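Worksheet: one structure, shown below.
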Amino acid sequence: MSCQRAPGIYVPMLIPRGHGYPLWVPRPHADSPIMNRGIDIGDLGYLADDGSFVFLFNVCHDAEDEVNREGVPPGFVPLRVPDNGTLTDPERYTKNSAILSYGMKKKSISLDISASVPCKGAVLVLPDGGGSYDSKHLGLFEEYGAAHALSWFEYFNGPTQRRQIRSGMLYLVTGCDKCHSWANTCFSTQSGGVSLKLLASAGAGQFTGISGYTWEVQNDEPVNSYVAPRDLTNQTVFVRGYSISIRDRLSRTLGSKSVEVTMIGAMNNKPPRIGTSVPFESSTTPTTVTDLGTQVSSLFSFYKS
Numbered sequence: 001m002s003c004q005r006a007p008g009i010y011v012p013m014l015i016p017r018g019h020g021y022p023l024w025v026p027r028p029h030a031d032s033p034i035m036n037r038g039i040d041i042g043d044l045g046y047l048a049d050d051g052s053f054v055f056l057f058n059v060c061h062d063a064e065d066e067v068n069r070e071g072v073p074p075g076f077v078p079l080r081v082p083d084n085g086t087l088t089d090p091e092r093y094t095k096n097s098a099i100l101s102y103g104m105k106k107k108s109i110s111l112d113i114s115a116s117v118p119c120k121g122a123v124l125v126l127p128d129g130g131g132s133y134d135s136k137h138l139g140l141f142e143e144y145g146a147a148h149a150l151s152w153f154e155y156f157n158g159p160t161q162r163r164q165i166r167s168g169m170l171y172l173v174t175g176c177d178k179c180h181s182w183a184n185t186c187f188s189t190q191s192g193g194v195s196l197k198l199l200a201s202a203g204a205g206q207f208t209g210i211s212g213y214t215w216e217v218q219n220d221e222p223v224n225s226y227v228a229p230r231d232l233t234n235q236t237v238f239v240r241g242y243s244i245s246i247r248d249r250l251s252r253t254l255g256s257k258s259v260e261v262t263m264i265g266a267m268n269n270k271p272p273r274i275g276t277s278v279p280f281e282s283s284t285t286p287t288t289v290t291d292l293g294t295q296v297s298s299l300f301s302f303y304k305s
């Protein structure tokens, strides 16, 4: 299975676990204004086909703020959220936490995976643990997104930006889970014998003395892993918020609202519906390449029951 197909398996396998929308590529893009902090509440971006989140601007900060240095839509007025409006749990995930798709089991020793029927699965491991951050004022974000969605699509898909953001890809963040290090993989097999092992590279890691992680697989499953430099906790493994869609002309003619704002969060177990239409314009979605560490020791094994 190619890495291009991986998000199509990883997302629907992990989203039922109730943490939000799982990003196949949690690492922020290198040239992004959010490189050092990762995704945050109020970020508007889009869910790219490669499984990453492409940051556009933050709706809670002024246009002149450093995080909005790449520009905001004309007529932008920031969303004002009350002080102390964030629910924070910096230790939401303990060290070596594993989020597994249903039917997967974690073992501390090596164990082969066996399955007699076609199966799919996904695994996310957080070696250093991680935290969660959520706005208390979801209604403010929902109302704001519905009011400005048309202007956002028009600006970012229009002649000056040409982002080709499809309906449903635009995402307004109201919560997220972030970490320092992570490793993930997914699989889709027509037969048994899938084997997954997480391996660590000894080195000068910031928290655990580990410089990197990688996967040992038997069936060419797509894999990802990363350890952030220094003490950064900028790797965003789950986002919660609103997927924004523009209904087609026929739906509007039949009386449907022009804009649909759908919560993708802890209580929603389905991915957003991403359409084929590109409101106002079209362009090409960027891709991201990830790095893997060197295998040294086995940390986890997983199997499909």
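Using the UniProt record's numbering, the first residue of the sequence shown is number 1, and each one after it goes up by one. Just so you know, even glycine gets a beta-carbon here, dropped at the ideal spot from N, CA and C. A quick note: this is a predicted structure, and the numbers were derived from the prediction, not measured.
Exercise. In its own chain, which residues sit with a C-beta less than 7 Å from the C-beta of PRO73, not counting the 5 before and 5 after it?
Worked result: SER151, TRP152, TYR155
Problem set entry | Identified DSSP bridge partners for ILE99 | LEU124
Exercise. At which residues does the alpha helix (DSSP H) containing LEU140 begin and terminate?
Worked result: 138-157
Problem set entry | Residue range of the alpha helix (DSSP H) that includes MET263 | Looking at the DSSP string, MET263 is not in any alpha helix (DSSP H); the run it does join, the beta strand (DSSP E), is 259-264.
Exercise. Counting Cβ pairs closer than 8 Å, one from the segment 90-101 and one from the segment 47-55, do we hit at least three?
Worked result: no
Exercise. Straight-line CA distance for CYS176 to CYS186?
Worked result: 21 Å
For this session: Alpha carbon to alpha carbon, how far is LEU79 from ALA63? Give it in angstroms, no decimals.
Result: Their backbone Cα atoms lie some 11 Å apart in a straight line.
Problem set entry | Residues bridged to TYR10 [DSSP beta-bridge criterion] | Note: TYR10 sits in no beta bridge, so no partner.
For this session: For ARG240, name the three-state secondary structure that DSSP assigns.
Result: strand
For this session: Using three-state DSSP, classify ASN84 as helix, strand or coil.
Result: coil
For this session: Would you kindly report the start and end of the unbroken beta strand (DSSP E) that includes LYS178?
Result: Bounds of the beta strand (DSSP E) holding LYS178 are 170-179.
Exercise. What first and last residue would you give for the beta strand (DSSP E) that runs through LEU56?
Worked result: 53-58
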